[in-house]
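Undergrad: In this note's numbering, the protein residues as written are -9 to 460. Idealized CB from N, CA, C, for every residue including glycine. All of these numbers come straight from a predicted model, not from anything done at the bench.
#1: Pop quiz: residue 281 and residue 238 are said to be a contact at Cβ under 8 Å. What is the actual Cβ separation, rounded to whole angstroms?
#2: What is the rounded straight-line gap between the Cα of residue 90 and the Cα of residue 247?
#3: Specify whether the stretch 28 to 39 and the stretch 51 to 62 touch according to this definition: at least 3 beta carbon pairs, one from each stretch, less than 8 Å apart.
#4: Is the stretch 148 to 161 close to the stretch 208 to 227, with three or more CB pairs under 8 Å?
#5: Which whole-angstrom value describes the C-beta separation of residue 320 and residue 202, a residue pair presumed to lie in contact below a C-beta threshold of 8 Å?
#6: What beta strand (DSSP E) runs, 3 residues minimum, are completely inside the stretch 106 to 172?
#7: So for residue 215, helix, strand or coil by DSSP?
#8: State the start and end residues of the unbroken alpha helix (DSSP H) segment that holds residue 41.
#9: Among the residues of its own chain, which have a CB less than 7 Å from the CB of residue 85, if the five just before and after it don't count?
#10: In the DSSP output, what is residue 241 paired with across the bridge?
#11: Between 110, 107 and 76, which has its C-alpha nearest residue 94's C-alpha?
#12: Please classify residue 83 as buried or exposed, where buried requires at least 16 other C-beta atoms within 10 Å of its C-beta.
#13: If you measure between the beta carbons of residue 17 and residue 45, is that distance less than 8 Å?
#14: Taking the beta carbon of residue 298 as the centre, do at least 16 other beta carbons fall within 10 Å, making it buried, or is it exposed?
#15: Cα separation between residue 154 and residue 115?
#16: For residue 187, which three-state DSSP category applies?
#17: Within the same chain, show all residues whose beta-carbon is closer than 7 Å to that of residue 261, passing over the 5 residues directly before and after it, in chain order.
#18: Let's see if you can read the secondary structure: which residues bound the beta strand (DSSP E) around residue 301?
#19: Run through DSSP, which three-state label would residue 330 get?
#20: Please state whether the Cβ-Cβ distance between residue 119 and residue 167 is less than 8 Å.
#21: DSSP three-state call for residue 28: helix, strand or coil?
#22: Going by alpha carbons, who is nearest to residue 40 out of 69, -4 and 87?
#23: Does residue 37 pass the burial test, meaning 16 or more other C-beta atoms within 10 Å, or should it be called exposed?
#24: Below 7 Å CB to CB, which residues in the same chain sit around residue 117 once its five sequence neighbours on both sides are set aside?
#25: In angstroms, rounded to a whole number, what distance separates the CA positions of residue 171 and residue 213?
#26: Short check: CB of residue 134 to CB of residue 256, under 8 Å?
#27: Could you check where the alpha helix (DSSP H) with residue 250 kicks off and where it finishes?
#28: Taking the beta strand (DSSP E) that residue 21 falls in, what are its first and last residues?
#29: Expressed to the nearest angstrom, what Euclidean distance is found between the alpha-carbon atoms of residue 292 and residue 24?
#30: Using the Cβ count rule (16 or more neighbours within 10 Å means buried), how would you classify residue 69?
#31: Kindly list the residues whose CB is nearer than 8 Å to the CB of residue 145, restricted to its own chain and excluding five residues on each side of it in sequence; keep chain order.
#32: Should residue 268 go down as buried or exposed, given a rule of 16 or more other Cβ atoms within 10 Å for buried?
#33: For residue 0, does the three-state DSSP call read helix, strand or coil?
#34: Taking 8 Å as the limit between beta carbons, can you name the residues of its chain near residue 28, skipping five residues before and five after?
#35: When the distance is taken between beta carbons, is residue 92 closer than 8 Å to residue 138?
So, in structure tokens, the structure goes:
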């Protein structure tokens, strides 16, 4: 409600966060600013059968919203983000067993049917010819959940949580009766960030000129079937992992997931091992990136030889693009507050505010620790790692070993005071092993944190409030 929306119904959080997730993710559901229940509690999901009415509830909310806006003859933006195909997958009774793809296929069929009903409502309200509809997803299939709780990425390499094509490609369908020809196919490379610039054009508005904006206007693609040559940058955390330009994709870093996760059965690239590409250590190719031609090799299995003229020609263009990108890049403030008390299901309460960009500390003995994003997870009995998987810094950005028994990974937050999760120093220095029994200690200054650290504490996750300028 604080980000421009007039109405809201649904879960404001991702599936996993700082609330009870030990047995099942009891995600909160809000109607505007009032919490009206939680997944598995007031909003039932049958763990055995996968039956749930949630998609139908979301559908009804969307149809009623469109009806209200049409009755008032008001323009509207409807953001309809259902999660039925995200583990835990669910479908309503009508759709259970209706596909050849199991529960996941049942959920897809229900989503397809629901989108059809939303389009029918637009026709019923006589506003279809004046409404732009865009359907897409947020990432490739989560192969770690496949086949029962996840989809397939076909020929593309790996899945969600990687910057390979299987983790980044998703479908996109644009619909506007009378404006976009039915059956039209485009090979345009696009991103969700393009929707902002495209929407401005459709609304007859000019983009602001006082800032650098990501994304491009796709209206020439939609209405004139043009192809726009543009780069796309693949990030993992704050590290530029790969760059795509036209049909070429250059990998500056490769990493699927860690050896520790693999030993626990966590695999983002099941059955797709490619030597030197799907690496379980962070592999640095920044001096000589791996280059693929996605037209000939959509599965990213055959890097173009460094000695080929094709490699030199393509990398010359991509290198110039990367240099311009980095020179114009302005670090932004992450908009997610990992310490949102509205969803905390634990007696431990943080007093966190908005996250700010990374900075640097220097310890008493000259050691340095990079301040980077980390995850705040406090569920009772939850395992914590000093390098949260999805925000881990890579390569030169990785925090160096502190002059003491541990490494320090710090997300910092504006203002002052801090909450510190620590464990005894018996854990091996610099280890990525999991700390199973953390405890929470509150400190006020960075000097206190340095002192505690240099006295032998192992720091797993740290959320801070202080002013970098001071």
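TA: Let me spell this out:
#1: About 6 Å separates the beta carbons of residue 281 and residue 238, which is inside the 8 Å limit, making them a contact pair.
#2: CA-to-CA, the gap between residue 90 and residue 247 works out to about 31 Å.
#3: Result no; under three Cβ-Cβ pairs closer than 8 Å.
#4: A contact exists between the stretch 148 to 161 and the stretch 208 to 227.
#5: Rounded, the Cβ-Cβ distance is 6 Å, consistent with contact.
#6: 123 to 126 and 162 to 165, all fully within the stretch 106 to 172.
#7: DSSP, reduced to helix, strand and coil, places residue 215 outside both helices and strands of the structure shown, so it counts as coil.
#8: Taken as a continuous stretch (DSSP letters only), residue 41 belongs to no alpha helix (DSSP H), as it is neither H nor E.
#9: Correct list, in chain order: 96, 99 and 100.
#10: In the DSSP output, where bridge partners are listed per residue, residue 241 has 232 and 280.
#11: Out of 110, 107 and 76, the CA that lies nearest to the CA of residue 94 is found in 76.
#12: The residue in question, residue 83, is exposed, as its Cβ has fewer than 16 Cβ neighbours within 10 Å.
#13: No, Cβ-Cβ distance for residue 17 and residue 45 is not below 8 Å.
#14: A residue is called buried once 16 or more other Cβ atoms fall within 10 Å of its Cβ, and residue 298, having fewer, is exposed.
#15: Take the alpha-carbon of residue 154 and the one of residue 115: they are about 42 Å apart.
#16: The DSSP-derived three-state label of residue 187 is helix.
#17: For residue 261, where only same-chain residues beyond five positions count, there are no Cβ hits under 7 Å.
#18: Boundaries around residue 301 are those of the alpha helix (DSSP H), 299 to 318, since no beta strand (DSSP E) includes it.
#19: With a pLDDT of 41 at residue 330, under the threshold of 50, the predicted position of this residue should be treated as unreliable, and no value is reported.
#20: Contact: yes.
#21: If DSSP states are grouped into helix, strand and coil, residue 28 belongs with the strands.
#22: Taking only the C-alpha atoms, the option nearest residue 40 is 87.
#23: That one is exposed.
#24: Around residue 117, the same chain offers 60 as residues with beta carbons nearer than 7 Å, after the five sequence neighbours per side are excluded.
#25: Distance between the alpha carbons of residue 171 and residue 213 is about 8 Å.
#26: With contacts defined by Cβ atoms closer than 8 Å, residue 134 and residue 256 form a contacting pair.
#27: Annotation for residue 250: the continuous alpha helix (DSSP H) segment containing it runs 249 to 253.
#28: Start and end: 18 to 21.
#29: Their backbone Cα atoms lie some 53 Å apart in a straight line.
#30: Burial check for residue 69: the Cβ neighbour count within 10 Å stays below 16, so the residue is exposed.
#31: In the same chain as residue 145, and ignoring 5 residues on each side of it, the C-beta atoms closer than 8 Å to its own belong to 288 and 289, in chain order.
#32: Sixteen is the threshold: when 16 or more other Cβ atoms of the shown chains lie within 10 Å of the Cβ of residue 268, as they do, the residue is buried.
#33: Three-state DSSP puts residue 0 in a strand.
#34: Result list for residue 28: 16, 17, 18 and 19, in chain order.
#35: Against a cut-off of 8 Å, the Cβ pair of residue 92 and residue 138 comes out as a contact.
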